[in-house]
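Asker: A single structure is presented below for examination.
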Amino acid sequence: MPSTILELYGICICAAILFFFLSARFSMGFRQRPILHRTPAAVRSLLDPFDRPSMDTLLHSRASPNSRLIRAFHLSNTFVSSDPTVHTNFNHDSAAELALPNNSTTPFNVYVGAVTLRTIIAGLLMPDADVASLDANDVNIAAELITELWILSKQPTQIPEHLLQMLNHHIRRLIPDQAQYPNPLNFIIPTWETLWRVVAVTVAHVCNDVAARKTFRDLNGNPNLDQFLTTKQDGNSPSANFYICESLRLYPPVKHITRHIFKQPLLTRILPICLARRITPHIETHVADIESAQRSDFWRTSSSSPEAFDAARFLDPTGTRKASDLLAFGAGPLKCSAMKWAPMAAAVIVGAILNTIDKVKYDIVQGNGIGDRGGWDEWEVRKVT
661 MPSTILELYG
671 ICICAAILFF
681 FLSARFSMGF
691 RQRPILHRTP
701 AAVRSLLDPF
711 DRPSMDTLLH
721 SRASPNSRLI
731 RAFHLSNTFV
741 SSDPTVHTNF
751 NHDSAAELAL
761 PNNSTTPFNV
771 YVGAVTLRTI
781 IAGLLMPDAD
791 VASLDANDVN
801 IAAELITELW
811 ILSKQPTQIP
821 EHLLQMLNHH
831 IRRLIPDQAQ
841 YPNPLNFIIP
851 TWETLWRVVA
861 VTVAHVCNDV
871 AARKTFRDLN
881 GNPNLDQFLT
891 TKQDGNSPSA
901 NFYICESLRL
911 YPPVKHITRH
921 IFKQPLLTRI
931 LPICLARRIT
941 PHIETHVADI
951 ESAQRSDFWR
961 TSSSSPEAFD
971 AARFLDPTGT
981 RKASDLLAFG
991 AGPLKCSAMK
1001 WAPMAAAVIV
1011 GAILNTIDKV
1021 KYDIVQGNGI
1031 GDRGGWDEWE
1041 VRKVT
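Just so we're aligned, residue 661 is where the sequence shown starts under the numbering used here, counting upward by one.
Written as structure tokens, this is what we have:
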């Protein structure tokens, strides 16, 4: 009788193990609906949890959903790698003038993308380079290919390999130093791809605003941190910083931040390590809806709805809405390090563009709506005389 009980016990254990192996494999064939986090508090809780996991876990949680960028750009930077070591190691007027059209018009998004890319290469990656030496054709084609590949990376279909080869060809012509930049896209993608859109939406909103143009013109003439942060008219008019903050709030460059949470089945706690390691962890997909959180009622003021572009909302005397409440750069230990320099860099580029497109020689023709990567139909930079 005891031997029979032992046999039954062994059969039950084997059946349980087999069940969990099969259920793990079976669940991989189905895509779980992502868990959305739409309020500011929920987004912060996801990106900066109170019970903070290890840095390795946080990096793995971020890198896993970004694997599509490896497929599109062959990146190896911290956004697609869970390696802590990778995480640790990571002239404006003329750029705006050089990007001006030789003919009568050029698409607005092409112009802004070219100005921003020139500024990043000559001002950040190769500070000793002459911005005028950057070939306009290489700049424009590289900018267009990055946007095209980014959009294709979101599709399940195979990405044509020649597009990345063409992009690398033009980028290498712009950044020839292979020793310092073995893969320049590791640096360009996280800087240019988001920065140019912040510049574009800010210019689109303030190009016909006299007070805003003066604010950016003052920054352009004296580009330092104090000028960037200083409010105008005795504190009653927004600073250049507040205009950029409002662009980041209303049009966050990254609308959704995805995290993968890896959960081991309960059975792995009682199984031998050699067996537990063979069970595939369950993956929960969590999505921080940055756009919804930053357009939530939290940002409503007595004079502006959350959907309106109004940099003055940061002048609220009650102090309930601050730039530090923005989630455009994420939250927690993996908050994007660009938050330390990107807002001012964007403001300086905006100032250079507004100083160059002065409504005398060049002007901006506005379209029906403000775009993102696409959606800039009918927007143009047009030669006046």
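Ideal Cβ placement from N, Cα and C applies to all residues, glycine included. Quantities reported herein were computed from a predicted structural model and do not represent experimental measurements.
Three Cβ pairs or more, each shorter than 8 Å: is that satisfied between the region 817-827 and the region 772-783?
Answerer: No, the region 817-827 is not in contact with the region 772-783.
Asker: Leaving aside the five residues before and after Gln1026 along the sequence, list all residues of the same chain whose C-beta is less than 6 Å from its C-beta, in chain order.
Answerer: Taking the first residue of the sequence shown as 1, we reach residue 1026 at position 366. Nothing meets the Cβ criterion.
Asker: Alpha carbons only, please: which of Gln815, Asp878 and Ile848 is nearest the one belonging to Ala1012?
Answerer: Here residue 1012 refers to the residue found at position 352 of the sequence shown. Cα-wise, what sits closest to Ala1012 is Asp878.
Asker: Which word fits Leu885, buried or exposed, when buried means at least 16 other C-beta atoms lie within 10 angstroms of its C-beta?
Answerer: Numbered from its first residue, the sequence shown carries residue 885 at position 225. Leu885 is exposed by the Cβ-count criterion.
Asker: For Ser899, is the classification buried or exposed, using 16 other Cβ atoms within 10 angstroms of its Cβ as the cut-off for buried?
Answerer: Residue mapping note: residue 899 aligns to position 239 of the sequence shown, counting from 1. It counts as buried.
Asker: Taking the Cβ atom as the reference point for each residue, do Ala1006 and Ile904 lie within a distance shorter than 8 Å?
Answerer: Locating residue 1006 in the sequence shown gives position 346, where the first residue counts as 1. Locating residue 904 in the sequence shown gives position 244, where the first residue counts as 1. Yes, the pair counts as a contact, with Cβ atoms nearer than the cut-off.
Asker: Can you find the residues in the same chain that come closer than 7 Å, C-beta to C-beta, to Asp976, ignoring five residues on each side of it along the sequence?
Answerer: Counted from its first residue, the sequence shown places residue 976 at position 316. Answer for Asp976: Thr961, listed in chain order.
Asker: Within a Cβ cutoff of 6 Å, which residues of the same chain sit near Thr766, ignoring the five residues on either side of it in sequence?
Answerer: Here residue 766 corresponds to residue number 106 of the sequence shown, with the count starting at 1. Once the five neighbours on either side are set aside, the close Cβ partners of Thr766 are Val1041.
Asker: Could you name the residues that DSSP lists as bridge partners for Ser897?
Answerer: As a working mapping, residue 897 is identified with position 237 in the sequence shown. Partner(s): Lys892.
Asker: Kindly indicate which three-state DSSP category Pro767 falls into: helix, strand or coil?
Answerer: Looking up residue 767 in the sequence shown gives position 107. It is a strand residue.
Asker: Under the rule that 16 or more other beta-carbon atoms within 10 Å means buried, what is Gly1034, buried or exposed?
Answerer: One-based indexing of the sequence shown puts residue 1034 at position 374. So Gly1034 counts as exposed.
Asker: Would you check if the region 771-781 and the region 793-809 touch, i.e. whether three or more CB-CB distances between them fall below 8 Å?
Answerer: A contact exists between the region 793-809 and the region 771-781.
Asker: Hey, out of Pro932, Arg955 and Val1044, whose CA is closest to Arg700's CA?
Answerer: For this step, residue 700 is matched to residue 40 along the sequence shown. Just to set this straight, residue 700 is Pro in the shown sequence, not Arg. For the residues Pro932, Arg955 and Val1044, the minimum Cα distance to Pro700 belongs to Arg955.
Asker: By a C-beta neighbour count over all protein chains shown, 10 Å radius and 16 as the cutoff for buried, is Leu735 buried or exposed?
Answerer: Reading the sequence shown from its first residue, position 75 is the one you call residue 735. With a pLDDT of 41 at Leu735, under the threshold of 50, the modelled position of that residue is not reliable, and the figure given next carries that caveat. Flag for Leu735 reads buried.
Asker: Tell me, to the nearest whole angstrom, how far the beta carbon of His942 is from that of Arg919; I am working on the premise that it is less than 8 Å.
Answerer: To locate residue 942, count along the sequence shown from 1; it is residue 282. To locate residue 919, count along the sequence shown from 1; it is residue 259. Incorrect: roughly 14 Å between the Cβ atoms, too far for contact.
Asker: Buried or exposed: where does Trp1036 fall if 16 or more other Cβ atoms within 10 Å of its Cβ makes it buried?
Answerer: Reading the sequence shown from its first residue, position 376 is the one you call residue 1036. Trp1036 comes out buried.
Asker: DSSP on Phe876, reduced to helix/strand/coil?
Answerer: In the sequence shown, the residue the question calls residue 876 occupies position 216. Three-state DSSP puts Phe876 in a helix.
Asker: Given a cut-off of 8 Å on the beta-carbon distance, is the pair Pro844 and Ile835 in contact?
Answerer: Working through the sequence shown from its first residue, we reach residue 844 at position 184. Working through the sequence shown from its first residue, we reach residue 835 at position 175. Their beta carbons are under 8 Å apart, which means Pro844 touches Ile835 by this criterion.
Asker: Report, in whole angstroms, the separation of the C-beta atoms of Arg778 and Val791, which I expect to be a contact under 8 Å.
Answerer: Taking the first residue of the sequence shown as 1, we reach residue 778 at position 118. Taking the first residue of the sequence shown as 1, we reach residue 791 at position 131. Yes, Arg778 and Val791 are in contact; Cβ-Cβ is about 6 Å, under 8 Å.
Asker: Cα-Cα, which of Tyr1022, Lys1021, Asp1023 and Glu1038 is closest to Gly1029?
Answerer: As a position in the sequence shown, residue 1029 is number 369, starting the count at 1. That would be Glu1038, whose Cα lies nearest to the Cα of Gly1029.
Asker: Provide the residue span of the beta strand (DSSP E) that contains Arg833, from first to last.
Answerer: For the purposes of this step, residue 833 is identified with residue 173 of the sequence shown, where counting begins at 1. Not the beta strand (DSSP E): Arg833 falls in the alpha helix (DSSP H), residues Glu821 to Leu834.
Asker: Looking only at its own chain, which residues have a Cβ that is under 6 Å from the Cβ of Gly1031, when we skip the five neighbours before and after it?
Answerer: Locating residue 1031 in the sequence shown gives position 371, counting from the first residue. Same-chain partners within the cutoff: there are none.
Asker: Where does Asp837 fall in DSSP's three states?
Answerer: Numbered from its first residue, the sequence shown carries residue 837 at position 177. Here Asp837 sits in coil by DSSP.
Asker: In the DSSP assignment, what are the bridge partners of His946?
Answerer: In the sequence shown, counting from the first residue as 1, residue 946 sits at position 286. Looking at the DSSP assignment, His946 forms a beta bridge with Ile695 and Arg919.
Asker: Can you list, in chain order, the residues of its chain whose CB lies under 6 Å from that of Leu1014, leaving out five sequence neighbours each side?
Answerer: As a working mapping, residue 1014 is identified with position 354 in the sequence shown. Excluding sequence neighbours, Leu1014 sits near Arg873 and Phe876.
Asker: Taking the beta carbon of Pro912 as the centre, do at least 16 other beta carbons fall within 10 Å, making it buried, or is it exposed?
Answerer: Position 252 of the sequence shown holds residue 912. Per the 10 Å Cβ criterion, buried.
Asker: Here's the rule I'm using: 16 or more other beta-carbon atoms within 10 Å means buried, otherwise exposed. How should Ile917 be labelled?
Answerer: Counted from its first residue, the sequence shown places residue 917 at position 257. Buried.
Asker: Among all the DSSP beta bridges, which residues are the ones paired with Lys1043?
Answerer: Locating residue 1043 in the sequence shown gives position 383, where the first residue counts as 1. Paired residue(s): Tyr1022.
Asker: Using CA coordinates, which residue listed in Phe922, Glu951 and Ser952 is at the minimum distance from Thr940?
Answerer: Start at 1 with the first residue of the sequence shown, and residue 940 comes out as number 280. For Thr940, the nearest C-alpha among the options comes from Phe922.
Asker: Whose C-alpha, out of Ala796, Thr851 and Asp949, is nearest the C-alpha of Leu706?
Answerer: Counted from its first residue, the sequence shown places residue 706 at position 46. Measuring from the Cα of Leu706, the nearest candidate turns out to be Asp949.
Asker: Measuring CA to CA, which of Lys892, Gly990 and Thr854 is closest to Ala1002?
Answerer: On the sequence shown, position 342 is the one that residue 1002 refers to. Ranking the options by Cα distance to Ala1002, first place goes to Thr854.
Asker: Shortest alpha-carbon distance to Leu758 belongs to which of Ser764, His830, His829 and Ser793?
Answerer: The residue given as residue 758 occupies position 98 in the sequence shown. It is Ser793 whose Cα lies nearest to the Cα of Leu758.
Asker: In three-state terms, what does DSSP make of Val859?
Answerer: Here residue 859 refers to the residue found at position 199 of the sequence shown. It is helical.
Asker: So, at 8 Å on beta carbons, what are the nonlocal neighbours of Asn896 in its own chain, with the 5 sequence-adjacent residues on each side left out?
Answerer: Here residue 896 is taken as the residue at index 236 of the sequence shown, counted from 1. Same-chain partners within the cutoff: Leu975.
Asker: Nearest by alpha-carbon distance to Ala971: which of Ile848, Thr891 and Ala755 is it?
Answerer: Within the sequence shown, numbered from 1, the residue matching residue 971 stands at position 311. Checked all of Ile848, Thr891 and Ala755; the closest Cα to Ala971 is Thr891.
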